[in-house]
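Here's the structure, in structure tokens; my notes come after.
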Amino acid sequence: LPEMRRRLSFSPPYDLRGKRVRVRLQASFGDKVVDSAPFNLNILEGNIFLEKYLRAALWLGLVLLVLWLGYRVASHYRTKVCPDCARIQRHTDPGCLFCLQNRDAFIIGNFNVRDKRKLGHSDLVRLVSDSSEIGTHRRSVVQLIKSTQKRRACYVTIIREALPKNRFAYRLVRNVSDSSVTISVNSNPIRKDRYLSSGDVLQIDGMEISFYSGMEDSDVA
């Protein structure tokens, strides 16, 4: 065989790292095969951590990155529901557009909330629907003190009416026909209905509820 020099490199199994093994080389040139004499070879231990565990850590990090990206995409395009008005939102909306347009309309008083999503006591309730009923019945947005002599009833309804330029007016409608129930706005008794202005105080059987909104008096016809 012609004389030649070659550098041999191989990756031994992890269980052979740092051990001394006996090897024999075999070379072939054409039809001739030559075996070398057996000799001992010391296999360096090397950095097993970098070669084994770091590689596993890189694969684990890559898998976690793919899962995180998938979660972000799914959470971005999933259907969103407003916790206040239960309306479905688009994934491109910064928030509930319905609540944003009506965030300035709310009532303040010492009452209990009837909404199932907001059980308990509250001093402020936003008006997030086209028609907000106030009384002692189950559909009332707030729970008034109910006398044992009176049946459950809807005393008044606050109706939202659309105005130009995405503005709204709020009209108060008296629903109960019982003359013994005193309903007034700013100490003025009402018989049918009237428009509410920001800062008006509604009295129902001695209970006061303040109404606030972003409407101006000139916006209400």
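Going by my numbering, the first residue of the sequence shown is number 12, and it counts up by one from there. Note that beta-carbon positions come from the ideal geometry of N, C-alpha and C, so glycine has one too. Predicted, not measured: the structure shown is a model, and the values here were computed from it.
Handout entry: Terminal residues of the beta strand (DSSP E) in which R33 lies
Key = Locating residue 33 in the sequence shown gives position 22, where the first residue counts as 1. Here the beta strand (DSSP E) through R33 covers R31 to V34.
Exercise for the section: For K127, I'd like the list of residues in its chain whose CB is within less than 8 Å of its CB, leaving aside the five on either flank, ordered along the chain. Expected result: By 1-based counting over the sequence shown, the position of residue 127 is 116. Bear in mind that a pLDDT of 44 at K127, under 50, signals an unreliable position, so the number given afterwards is only what the model happens to contain. Excluding its 5 nearest sequence neighbours in each direction, K127 has no C-beta neighbour in its own chain below 8 Å.
Practice task
Please state whether DSSP places M218 in a helix, a strand or coil.
Solution key: For the purposes of this step, residue 218 is taken as the residue at position 207 of the sequence shown. Correct three-state label for M218: strand.
Exercise for the section: Could you tell me which residues DSSP puts in a beta bridge with S140? Expected result: Reading the sequence shown from its first residue, position 129 is the one you call residue 140. None; S140 has no bridge partner.
Practice task
Out of F50, D211, S151 and V196, state which residue places its alpha-carbon closest to the alpha-carbon of A116.
Solution key: As a position in the sequence shown, residue 116 is number 105, starting the count at 1. It is D211 whose Cα lies nearest to the Cα of A116.
Handout entry: Per DSSP, cross-strand counterpart(s) of R171
Key = To locate residue 171, count along the sequence shown from 1; it is residue 160. Residue pairing from DSSP places R171 in a beta bridge opposite Y181.
Practice task
Grab me the residues of L207's own chain with a C-beta within less than 6 Å of its C-beta, minus the 5 sequence neighbours each way, in chain order.
Solution key: Numbered from 1 along the sequence shown, position 196 holds the residue referred to as residue 207. If we look at L207 and ignore the five residues flanking it on each side, its Cβ neighbours are Y181, L183 and F222.
Problem - Cut-off 8 Å between Cβ atoms - residues of its own chain near S151, not counting five sequence neighbours on either side - result: Position 140 of the sequence shown, counted from the start, is the residue given in the question as residue 151. Closer than 8 Å at the Cβ level, and outside the excluded window around S151, lie R125, E144, I145 and C165.
Problem - Close beta carbons around R137, own chain, < 6 Å, minus the five adjacent residues each side - result: Start at 1 with the first residue of the sequence shown, and residue 137 comes out as number 126. F117.
Exercise for the section: Alpha carbon to alpha carbon, how far is I220 from N197? Give it in angstroms, no decimals. Expected result: Here residue 197 refers to the residue found at position 186 of the sequence shown. Here residue 220 refers to the residue found at position 209 of the sequence shown. Roughly 10 Å separates the two Cα atoms.
Practice task
For A173, I'd like the list of residues in its chain whose CB is within less than 7 Å of its CB, leaving aside the five on either flank, ordered along the chain.
Solution key: Translated into the one-based positions of the sequence shown, residue 173 becomes position 162. Once the five neighbours on either side are set aside, the close Cβ partners of A173 are F179.
Practice task
Would you mind stating whether R98 and C107 have Cβ atoms separated by less than 8 Å?
Solution key: What you label residue 98 is simply residue 87 of the sequence shown in a count that begins at 1. What you label residue 107 is simply residue 96 of the sequence shown in a count that begins at 1. Going by C-beta atoms, R98 is nearer than 8 Å to C107.
Problem - Nearest neighbour of D216, chosen from K91, T147, I119 and L73 [CA to CA] - result: On the sequence shown, position 205 is the one that residue 216 refers to. Ranked by how close their Cα comes to the Cα of D216, the residues K91, T147, I119 and L73 have T147 in first place.
Exercise for the section: Please classify S224: is it buried, with 16 or more other beta-carbons within 10 angstroms of its beta-carbon, or exposed? Expected result: In the sequence shown, residue 224 corresponds to position 213, counting from 1. Result: buried.
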